[in-house]
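Asker:
Chains as they are written, first to last, in our numbering: chain W, 15 to 170; chain L, 142 to 363.
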């Protein structure tokens with residue numbers, strides 16, 4: 015039986031690990047600490063174009079280390095790896111589809127009410143945002159008519 | 142196929158693993174337990190992925206607001222929390238290691254350390270939340286902070302509170318699970334043949350750590 019053999023192998027590998035000592039976990043912990051310091055330092059530089067990409071790359075390396083060694087994925091067999099692989103694939107699909115949609119829209123195609131300036135906001139916030147009245151609408155990124163700005167609750 | 146529990150010799154005073162009759166062997170049962178946990182954790186990953194998509198979507202539309210908002214967070218407290226959570230993940234992994242070696246006292250100690258750091262994480266998070274409640278950097282229409290008035294800033298704090306709030310909720314649940322595992326290790330239950338509860342409990346804790354590893358750069362470091 016394939017499944018029995020697979021679980022037997024997994025079980026053997028899990029137990030074998032018990033005799034190898036805690037050194038592996040200490041090493042992973044130190045690497046995670048170093049990567050945390052690195053990502054804080056690069057984050058404080060406020061790199062213009064690739065700052066977030068670099069931070070997410072470091073986070074991915076850290077996350078992979080946690081999954082492989084702390085969660086023992088490195089010793090696990092087919093089915094466990096398949097589940098986590100498919101899960102990551104679905105996350106990537108979800109993100110790329112949603113963000114591609116967002117990135118390829120014309121600004122005017124945003125539905126009425128989808129902009130911040132269309133949202134119901136408090137009186138104070140509105141005053142603070144538009145101290146000189148309706149002339150500031152361009153700054154607020156609004157494509158709606160100024161009159162609608164004054165009636166934020168409209169249509170809700 | 143067996144229908145009765147297999148004879149497993151375990152160290153004295155510890156518990157033999159419970160064995161369900163519908164599994165062929167103990168190995169198959171352990172494999173199934175682990176597989177089930179991975180399935181559950183993958184649904185958790187997708188739950189948080191929804192919030193990550195929200196983040197990406199709004200960040201694309203309001204990049205200046207998100208840069209302003211992230212600079213407004215307390216980077217020092219965020220970094221301390223990251224270090225605390227990664228270290229607690231390390232002690233949770235060590236608990237599994239000692240459970241496999243049938244050292245229940247060390248399992249108890251490691252989980253106690255994990256719980257202590259989890260509590261520390263929540264206390265630090267509480268200070269951060271308190272500061273935001275006082276200032277008025279709240280989600281959606283409750284935002285009333287005069288310091289940052291960039292369009293989209295309310296969306297940044299909505300994403301901030303939703304994602305860190307959901308994460309803190311997971312921290313609390315994880316603490317409950319680990320406390321239950323610790324109560325069993327105090328009763329000297331675990332050994333090389335019976336450590337599934339420690340392993341799966343610590344897997345949940347690693348997921349909490351995993352999510353924070355991504356939340357930290359997204360919210361604090363851009």
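We treat Cβ as the ideally placed atom computed from N, Cα and C, and that holds for glycine.
Can you name the residues of chain W whose CB is closer than 8 Å to the CB of residue 327 of chain L?
Answerer: Per Cβ cutoff of 8 Å: no residues; residue 327 of chain L is ~21 Å from chain W at best.
Asker: With DSSP as the reference, label residue 332 of chain L as helix, strand or coil.
Answerer: strand
Asker: Candidates L:161, L:223, L:159: which alpha carbon is nearest residue 349 of chain L's?
Answerer: The shortest CA-to-CA distance from residue 349 of chain L to any of L:161, L:223, L:159 is the one to L:223.
Asker: Name, going along the chain, the residues of the segment 339-355 of chain L whose beta-carbon falls closer than 7 Å to a beta-carbon of chain W.
Answerer: Identification of residues in the segment 339-355 of chain L having a C-beta nearer than 7 Å to some C-beta of chain W yields 344, 347, 350, 351, 354, 355, given in sequence order.
Asker: So for residue 242 of chain L, helix, strand or coil by DSSP?
Answerer: coil
Asker: Indicate the three-state DSSP secondary structure (helix, strand or coil) for residue 288 of chain L in the structure shown.
Answerer: coil
Asker: Check residue 115 of chain W in the structure and name its three-state DSSP category.
Answerer: Looking at residue 115 of chain W - three-state DSSP - the assignment turns out to be helix.
Asker: Excluding the 5 residues preceding and the 5 following residue 281 of chain L in the sequence, name in chain order all residues of the same chain whose CB lies nearer than 7 Å to its CB.
Answerer: Closer than 7 Å at the Cβ level, and outside the excluded window around residue 281 of chain L, lie 295, 299.
Asker: Whole-angstrom Cβ separation of residue 198 of chain L and residue 113 of chain W, contact assumed at under 8 Å?
Answerer: 7 Å
Asker: Over the uninterrupted alpha helix (DSSP H) stretch that includes residue 361 of chain L, give me the two end residues.
Answerer: Judged by DSSP secondary structure, residue 361 of chain L falls within the alpha helix (DSSP H) whose first and last residues are 337-361.
Asker: Look at the alpha carbon of residue 229 of chain L and the alpha carbon of residue 200 of chain L, and state the distance between them as a whole number of angstroms.
Answerer: 31 Å
Asker: Which of the three DSSP states, helix, strand or coil, is assigned to residue 104 of chain W?
Answerer: helix
Asker: Under three-state DSSP, which class holds residue 235 of chain L?
Answerer: helix
Asker: If you follow the alpha helix (DSSP H) that residue 76 of chain W is in, where does it begin and where does it stop?
Answerer: 65-79
Asker: Can you pull the chain L residues whose beta carbon is under 7 Å from the beta carbon of residue 94 of chain W, in chain order?
Answerer: Chain-order list of chain L residues neighbouring residue 94 of chain W: 175, 176, 179, by C-beta distance under 7 Å.
Asker: Can you tell me the Cα-Cα spacing of residue 338 of chain L and residue 167 of chain L, whole angstroms?
Answerer: 14 Å
Asker: With DSSP as the reference, label residue 262 of chain L as helix, strand or coil.
Answerer: helix
Asker: Just to confirm before moving on: does the CB-CB distance between residue 312 of chain L and residue 259 of chain L stay below 8 Å?
Answerer: The beta carbons of residue 312 of chain L and residue 259 of chain L sit closer together than 8 Å.
Asker: Using the rule of at least 16 other Cβ atoms within 10 Å of the residue's Cβ for burial, across every protein chain shown, is residue 323 of chain L buried or exposed?
Answerer: Counting Cβ neighbours within 10 Å, residue 323 of chain L comes out buried, since at least 16 surround it.
Asker: Under 8 Å between C-beta atoms, does residue 108 of chain W make it to chain L?
Answerer: yes
Asker: Thinking C-beta only, is residue 187 of chain L closer than 8 Å to residue 101 of chain W?
Answerer: yes
Asker: If you reduce the DSSP assignment to three classes, tell me which class residue 159 of chain L lands in.
Answerer: coil
Asker: Less than 8 Å between the CB atoms is what I'm expecting for residue 358 of chain L and residue 69 of chain W, so what's the real figure, rounded?
Answerer: 4 Å
Asker: With a 10 Å radius around its C-beta and 16 neighbouring C-beta atoms as the bar for buried, classify residue 353 of chain L as buried or exposed.
Answerer: Burial is judged here by how many other beta carbons sit within 10 angstroms of a residue's own beta carbon; residue 353 of chain L has at least 16 and is buried.
Asker: Does residue 144 of chain L come within less than 8 Å of chain W when only Cβ atoms are used?
Answerer: Its pLDDT being 47, under 50, residue 144 of chain L is placed unreliably in this model, and the value from its coordinates should be taken loosely. By this cut-off, residue 144 of chain L is not an interface position.
Asker: At least one CB of chain L closer than 8 Å to the CB of residue 82 of chain W: is that the case?
Answerer: Contact of residue 82 of chain W with chain L is not assigned, every C-beta pair being separated by 8 Å or more.
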